[in-house]
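Trainee:
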Amino acid sequence: MYCLYPANYSSSTTDMEYNFRAIEKKWQEQWDQSHAYRVSNNGPKPKCYVLDMFPYPSGAGLHVGHPLGYIATDIYARYKRLKGYNVLHTMGYDAFGLPAEQYAMETGQHPAVTTAANMKTFRKQLDNIGFCYDWERQINTSDPGYYKWTQWIFLQIFESWYNRTTQKAEPISGLVNIFEKDGNAGLICPGDRTIQFTAAQWQGYSEKEQRDILMQYRLAFLAYAEVNWCAALGTVLANDEVINGVSERGGHPVVKKKMRQWFLRITEYANRLLEGLETVSFSDAMKEMQRNWIGKSQGAEIKFAVKNSTSHVDVYTTRPDTIFGVDFMVVAPEHDLVQKITTPAQQADIDKYLDYVKSRSERERMADVKQITGCFTGAYAINPFDGREIPVWIAEYVLAGYGTGAIMAVPCGDQRDFGFAKHFNIPITNIIGDAFNGQEANPTKDAKLQNSGFLDGMDMRPATDVVINKLEALGIGKRQINYKMRDAGFSRQRYWGEPFPIIYKDGIPYGMDEKDLPLELPHVENYKPGEEGEGPLANITDWVNVAPGVKRETNTMPGYAGSSWYFLRYMDPHNSHTFADRKATDYWNQVDVYVGGTEHAVGHLLYSRMWTKILFDLGHIGFDEPFKSLINQGMIQGSSRFVYRIHGTHQFVSAGLKDNYQTDKLHVDVNFVDGVTLNTAAFKKWKPDYYEATFILEDGQYICGTEVEKMSKSKYNTVNPNELVEKYGADTFRMYEMFLGPVEQSKPWDTKGIEGVHRFLKKLWRLFADEQKSLLVNEQAATPEEMKILHKTIHKIDQDTSSFSYNTAVSQFMICVNELATMRCHKRSILEPLLILLTPYAPHLCEELWQYIGNNESILNALYPVYNEQYTKESTFNYPVAINGKTRAEMGFALDADTAAIEKEVLASEIVQKWLEGNPPKKVIIVKGRMINVVI
RNA sequence: GCGGGUGUGAUGAAAUUGGUAGACAUGCCAGACUUAGGAUCUGGUGCUUCACGGCAUGGGGGUUCGAGUCCCUCCACCCGCACCA
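Going by full-length UniProt numbering, the residue at position 776 of the first sequence is 776; the numbering climbs one at a time, nothing skipped.
1) Report buried or exposed for Arg492, applying the criterion of at least 16 other Cβ atoms within 10 angstroms of its Cβ.
2) Among Thr732, Trp749 and Lys747, which one has its Cα closest to the Cα of Pro756?
3) For Thr680, which residues from the same chain have a beta carbon less than 6 Å from its beta carbon, with the 5 sequence-adjacent residues on both sides left out?
4) Using CA atoms only, rank isn't needed, just tell me which of Pro190, Val743, Ala199 and Phe436 is closest to Asp487.
5) Can you tell me whether DSSP reads Ala223 as helix, strand or coil?
6) Which parts of the stretch 359-389 are runs of the beta strand (DSSP E), unbroken and 3 residues or longer, counting only runs that do not cross its ends?
7) Would Asp669 pass as a contact of Tyr716 if the rule is Cβ separation under 9 Å?
8) Does the contact criterion of 3 or more C-beta pairs under 8 Å hold for the stretch 714-730 versus the stretch 52-71?
9) Could you tell me the distance, in whole angstroms, from the CA atom of Glu869 to the CA atom of His791?
10) Please report the straight-line C-alpha distance between Tyr224 and Thr377, rounded to a whole angstrom.
11) Quick check: Ile432 and Leu455, are their CB atoms within less than 9 Å of each other?
12) What is the DSSP secondary structure of Asn425, counted as helix, strand or coil?
13) Can you find the residues in the same chain that come closer than 7 Å, C-beta to C-beta, to Leu764, ignoring five residues on each side of it along the sequence?
14) Could you tell me how far apart the beta carbons of Asp800 and Gln812 are, in whole angstroms, since I believe they sit closer than 8 Å?
15) Does the Cβ-Cβ distance between Tyr806 and Val725 come in under 9 Å?
16) To which residues of the same chain is His35 closer than 7 Å at the C-beta, ignoring the five residues directly before and after it?
17) Quick check on the burial criterion: 16 or more other C-beta atoms within 10 angstroms. Buried or exposed for Gly638?
18) Below 8 Å, how does it come out for the stretch 410-418 and the stretch 433-444: are there three or more Cβ pairs, yes or no?
19) Find the nearest neighbour of Gly97 within the set Asn884, Pro558 and Gly325, judged by alpha-carbon distance.
20) Drop a sphere of 10 angstroms on the beta-carbon of Met610, count the other beta-carbons inside from all chains shown, and report buried for 16 or more, exposed for fewer.
21) Between Phe304, Ile426 and Gln590, which lies nearest to Leu474 when the distance is taken from Cα to Cα?
22) Would you identify the three-state DSSP class for Val410, choosing helix, strand or coil?
23) Following a CB-centred definition, is Val313 positioned closer than 8 Å to any heavy atom of the ligand HEM?
24) From the DSSP output, in three-state form, read off Ala781 for me.
25) From Ala892 to Ser746, what does the alpha carbon distance come to, in whole angstroms?
26) Quick check: Lys923 and Asn589, are their CB atoms within less than 9 Å of each other?
27) Does the stretch 83-101 come close enough to the stretch 53-61 that 3 or more CB-CB pairs lie under 8 Å?
28) Please work out which residues of its chain come closer than 6 Å, Cβ to Cβ, to residue 938, disregarding the five sequence neighbours upstream and downstream, and give them in chain order.
29) Should Tyr895 go down as buried or exposed, given a rule of 16 or more other Cβ atoms within 10 Å for buried?
30) Whose C-alpha, out of Met738, Gln851 and Glu779, is nearest the C-alpha of Thr808?
31) For my contact list, Ala561 and Met571 are in at a C-beta cut-off of 8 Å; report their separation, rounded to the angstrom.
32) Should Tyr397 be labelled buried (16 or more other beta-carbon atoms within 10 Å of its own) or exposed?
33) Could you pull out every unbroken beta strand (DSSP E) segment of at least 3 residues lying fully inside the stretch 480-512, listed in chain order?
34) Whole angstroms are fine: how far does the CA of Val87 sit from the CA of Ser40?
35) Could you compute how far the alpha carbon of Val331 sits from the alpha carbon of Thr318?
36) Starting from Arg641, trace the alpha helix (DSSP H) both ways and give me its first and last residue.
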C-alpha cells in the first residue's frame with residue numbers, strides 16, 4: 001500500500017505548510033467563480049486550439065492512463081495562454097456506443113441514463129485534476145442538440161457526389177442537371193462502372209430508376225455488405241463480440257450475412273487523403289500507417305476470357321510484366337463469378353468450401369498463412385497472349401473487397417502463390433531464369449524475362465509499360481490505380497446511435513427536410529433486435545411507419561459519426577441555427593495541436609479528415625484538414641499481479657515455489673500488493689472464496705507473479721487517479737504523470753516514484769515559506785549564479801514545454817530548486833519568474849504562492865519570463881580528453897582558446913603522456929566546446 | 001500474415017541529435033538532527049577487479065578518430081488490421 005500522510009483536512013491555507021488539499025479546493029472554486037477558463041471567439045490575441053481526443057464515458061470511470069494526454073494538453077494550453085494566446089481548450093463525450101447498449105440489455109437500464117451517470121463520474125474525476133477546460137463548451141454526441149447537426153451533415157453528404165473533374169464534392173442537383181443535358185458520358189459511375197446512359201434515356205427513366213442511379217454516385221449510399229450474423233441471438237455482432245467464430249455471449253455460431261447498409265464513399269477521397277498528409281505535421285509513423293491503409297498502387301486491370309463460357313475473369317495486378325508466368329487464377333469465394341463458371345463436376349466441392357469460408361473471419365483468412373486452403377472451380381481462363389489454359393481456383397486469401405476480387409497467380413514471383421501451387425501440385429512456370437531457384441518465390445523487379453513470348457529478354461520494369469500498352473491496344477485491359485482502402489460502412493443494426501434522417505417512400509430513400517431535424521431517438525422498452533437482424537428501432541412500428549408506404553430507416557450511425565466533426569462544434573457549441581457559425585470556424589480554424597492514442601490512426605483520423613474535406617468542398621468551412629499537428633500519447637499499461645493456488649485447494653504458494661506444485665494462476669488486485677509482496681490479510685478479506693486461504697511463503701513473505709497487460713478492471717490492475725490526488729494532490733499527480741517519461745511512449749504504470757515529485761513541490765514551497773519563520777521571500781538582488789540557474793531553467797522549460805518534452809522539463813525544475821535550496825535563495829526576482837514557469841504544471845500551488853507573495857492578479861494571466869542568454873554564457877569549458885575514443889581525463893580551456901595551444905597542452909599533460917608511452921600521437925581531434933580525442 | 005512501435009542500471013528514464021553513457025527521480029546502503037520518523041538534510045550506489053584496469057545501451061556484424069545514436073542482420077515484447085471507442 002501507499003505510505004499515508006496524516007490527514008490534513010484544515011481548510012485554512014494561511015498556515016505555512018504545503019496543505020495541498022485546501023489549496024487545490026480553494027483555487028478550483030475561485031477559478032470556477034471567476035470564469036477563469038471562459039474563452040471568447042474573438043479578440044486581439046493570436047488563437048491557439050488545443051484538443052484532446054474526447055473519451056467514451058465507460059462505466060469503469062477514468063484510470064491513470066486516460067489523463068496522460070489530457071495533462072499534456074492542459075500544460076500546453078496554459079503555457080500558450082501565458083505566452084499571450086487566446087486558447088481554445090475543451091472537453092466532451094463521445095457518448096454513443098455499444099457498451100451502453102449491452103449494459104442496457106443486461107440490466108434494463110436505458111443507455112441515456114447510464115451514459116448520463118457515467119459522464120457525471122468522468123466530470124468529477126476530471127475536475128479533480130484541475131484542468132483548464134472551458135466547460136461551458138462541453139459537448140455530448142448523444143444530445144439531440146448535437147446529433148441534429150450530425151444528421152444535418154449526413155444529409156449534406158447524402159446530397160453530394162464527388163466530381164472527379166473538379167476533384168471535390170458537389171451538390172447532387174448539379175449532377176442531375178448534367179444528366180439531363182448530357183447523360184453520364186465521361187462521368188464514370190463510382191458505384192457501378194457499367195452504368196451508361198444518354199440524356200434522352202435519363203429523361204425517360206422513372207423516378208425510382210433515376211434515384212437508383214443517383215445512389216451509385218452519392219457520397220453516402222446504400223449497398224449490400226456482409227455482417228456477422230448470429231442466428232441464435234437473432235442479431236448482428238460487432239467484430240469485438242465474435243471470438244473464434246462464435247459469439248462472445250453464449251458461444252453461438254456466427255456466419256456472414258449480406259444486408260443492405262449505408263456507406264460513405266471515402267474511396268473518392270483516397271488521393272486527397274493521401275496528398276493532404278503532406279500539409280500536416282503528424283509523426284512519420286502515423287503518416288505511414290495512413291498511407292498503408294489507403295494503399296495506393298499502380299498496375300493494370302486485365303480481362304481473361306473463360307474457356308467455353310461468355311464470362312471473363314477480371315484481375316487487378318501490380319505486376320502485368322509477369323503475365324507469362326501465370327499458372328492459375330484465384331477468385332474470392334464470395335465473387336459472383338464463382339457460381340457462373342463452376343463446372344457441375346466441381347460444384348459439390350465448391351459448395352463445401354464456401355460453407356467453410358462463411359465461418360471464417362476476414363482476419364483469420366489473412367492471418368492463417370500456413371494453412372493453405374482452396375478449391376478448383378473446374379473452369380479455365382485463357383491467357384490472352386499465348387492462349388494457355390489457366391485453372392481458376394477460389395481461395396479464402398483473396399478478398400472480394402480488394403481490387404477486382406480476383407488475382408492472377410505467378411508462383412515463381414509471389415511466395416503465397418508459390419505455396420499455393422506447391423500445396424495443390426500446380427506446375428510452376430519460371431519466367432525469370434536463374435533468379436528463381438525452385439525453392440521459394442523471388443519477387444524481384446530486376447530480372448530479365450524468359451519464357452515470356454514477346455517480352456523475352458526484356459527487363460521487368462520497362463516490360464510493365466509494354467504489356468499495359470498492348471492490353472489497351474487490344475481492348476482487354478488498362479492501366480489502373482487501385483486503393484486498398486474500402487468504402488466505410490456507416491450502418492449499425494443497433495439502438496444507441498444517431499438515427500438516420502432518411503425515409504423510404506415505396507422503398508426509395510429520401511433525405512428528411514432539414515427543418516424536421518433532429519430526428520430524435522425514440523424511447524424503447526427493450527433492446528432486442530428486429531426481424532432478420534434489423535436494429536431495435538425496427539420493433540417500434542409507429543415510429544417506423546410514418547404514413548402508408550412511408551417508412552423510416554431503422555439502422556443507426558456508427559460510433560465515428562459524432563466524432564468525425566466534434567472539433568467544429570466546440571467552436572460554437574450552443575448554436576441552434578447551424579453546426580457552427582462560419583465566423584467561429586474561420587476564427588479558430590484548424591486544431592493546432594491534437595493529442596490522442598495511435599489506436600485511432602486509421603479510423604477516426606481518416607473519417608474526420610474526410611468529413612472536413614466534404615464540408616470544405618461544399619463551402620461550409622474554410623479549411624480542408626482538421627488537425628494541423630498531431631501527437632500520439634503512449635498507452636499506460638497495467639502491471640498485473642498474480643497468486644498461485646494449488647489446484648483444487650485453498651492453499652496459495654509463493655511465486656518462487658510454484659513450480660513444485662500444480663497451480664492455477666489468478667489475478668490479484670494490485671492494491672493488495674506492495675511491490676511484489678502480497679498483503680495476505682487484505683487478500684483473505686477480498687473475496688469470500690479466499691477467506692480460508694492459507695499460504696506457502698518464501699522468506700516469510702508471499703511473492704506475487706507479475707505481467708504487463710492492458711489496464712483493465714477485469715485484470716484488477718487499474719489505478720484510480722482520484723486516490724492519488726487524494727493522497728498527494730492534483731499538482732503532484734499532474735507532474736508525476738509527466739515525469740514518467742515521454743508522452744509518446746507506452747509504459748506500465750508504477751505509483752512508486754510519485755513520492756519524489758511530491759518532495760520536490762514541498763521543497764519548492766520551503767523556498768517561499770517555512771513552518772517557523774513563515775514568509776521567507778526577500779527583495780535582495782540576485783547573484784550571477786542565481787541568475788544563471790534561473791535563465792538556464794527559463795530556456796529549458798520554454799523549449800521543453802513547447803515541444804511536449806514534459807519529463808525533462810520536470811527534471812529541470814528539480815535541478816533548479818535543488819540548486820536554489822543549496823544557495824538558500826529566497827529572492828523574489830528569482831522565485832517569481834520560476835513560479836510562472838511552473839504554473840502550467842502545478843497551477844494550484846503556483847497561484848497560492850503567487851498571491852502569498854503579494855500579487856493580486858491571477859498567475860494564470862501572468863507574462864511568461866524571457867530568456868536572456870547573457871546570464872548563462874560560459875567562458876571556459878571542461879573538455880573530456882579521450883585516448884582512442886575512451887575518456888581518460890578532463891581539462892579546462894577557455895572557449896576562445898587557440899586549437900594549437902590546446903593540443904600542445906593536452907599532449908604535454910601527464911595522463912596523455914602516460915598513454916603515449918613516448919610515441920607521437922597519430923592524430924589529435926579537437927571539437928570546440930565538445931571534446932578532445934587523441935589517437936595513438 | 002500485413003502494418004506501426006519499443007528494447008539503456010534493481011526501477012521510471014536522460015544523453016546538446018555522431019562527441020564524457022546513466023542527468024533527474026524511485027529503491028537500496030551508511031550517516032546527521034530527533035522522544036519518534038512516515039519530516040528534513042549529507043554521502044554512496046551499472047557490472048567486475050585489492051588495485052591499474054577491463055566490460056557495459058536486446059544479440060551478432062559493419063562504417064568512423066569516436067556509435068545508445070548511422071548501415072546490415074537476427075531476436076523479444078507491445079499496439080492496430082476496417083462493426084470496441
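The beta-carbon is built from N, C-alpha and C at its ideal position, and this holds for glycine as well.
Mentor: Walking through what the data contain:
1) Arg492 counts as buried, since no fewer than 16 other beta carbons sit within 10 angstroms of its beta carbon.
2) The question names Pro, yet the displayed sequence has Gly at residue 756. The shortest Cα separation from Gly756 among Thr732, Trp749 and Lys747 belongs to Thr732.
3) The residues Phe695 and Tyr702, in chain order, have a CB closer than 6 Å to that of Thr680 in the same chain once the five nearest residues on each side in sequence are set aside.
4) The candidate whose alpha carbon is nearest that of Asp487 is Pro190.
5) Ala223 sits in a strand when the DSSP states are folded into three classes.
6) Counting only runs of 3 or more, we get 375-382.
7) Tyr716 is positioned such that its CB atom lies closer than 9 Å to that of Asp669.
8) Because the criterion of three Cβ pairs below 8 Å is met, the stretch 714-730 and the stretch 52-71 touch.
9) Taking the straight line joining both Cα atoms gives about 7 Å.
10) Taking the Cα positions, Tyr224 is about 25 Å away from Thr377.
11) In this structure, Leu455 does not lie closer than 9 Å to Ile432 by Cβ.
12) In the structure shown, the three-state DSSP call for Asn425 is coil.
13) Here the set comprises Val817.
14) Confirmed, about 7 Å.
15) Tyr806 is not a Cβ neighbour of Val725, given a cutoff of 9 Å.
16) Leaving aside the five residues that flank His35 on each side, none in its chain has a CB nearer than 7 Å to its CB.
17) Within 10 angstroms of the beta-carbon of Gly638 lie 16 or more other beta-carbons, which makes it buried.
18) The answer is yes - the stretch 433-444 touches the stretch 410-418, with three or more Cβ pairs under 8 Å.
19) When the alpha-carbon of Gly97 is set against those of Asn884, Pro558 and Gly325, the nearest one is in Pro558.
20) Burial call: buried.
21) With distances taken between CA atoms, Leu474 lies nearest to Phe304 out of Phe304, Ile426 and Gln590.
22) DSSP places Val410 in coil when its eight states are reduced to three.
23) Absent from the structure shown: the ligand HEM. Ligands present: none.
24) Here Ala781 sits in coil by DSSP.
25) A small correction: the amino acid at residue 892 is Gly; Ala does not occupy that position in the sequence shown. Roughly 41 Å between the two C-alpha positions.
26) No, they are not a contact pair.
27) Touching, yes, given that three or more Cβ pairs across the two stretches are closer than 8 Å.
28) The shown model of the chain, from 1 to 936, leaves out residue 938, and the question about it has no answer.
29) Here residue 895 turns out to be Leu, not Tyr, going by the sequence shown. Within a 10 Å sphere around the beta-carbon of Leu895 sit fewer than 16 other beta-carbons, which makes this residue exposed.
30) Taking the Cα of Thr808 as reference, the smallest distance to any Cα among Met738, Gln851 and Glu779 is reached at Met738.
31) The beta-carbon separation of Ala561 and Met571, rounded to 19 Å, does not stay under the 8 Å limit for a contact.
32) With 16 or more other Cβ atoms within 10 Å, it is buried.
33) DSSP runs (the beta strand (DSSP E)) wholly in the stretch 480-512: 502-505 and 508-511.
34) Going from the Cα of Ser40 to the Cα of Val87 covers about 9 Å.
35) Computed Cα separation, rounded: 16 Å.
36) Arg641 -> not in any alpha helix (DSSP H); beta strand (DSSP E) instead, spanning Ile636 to Ile646.
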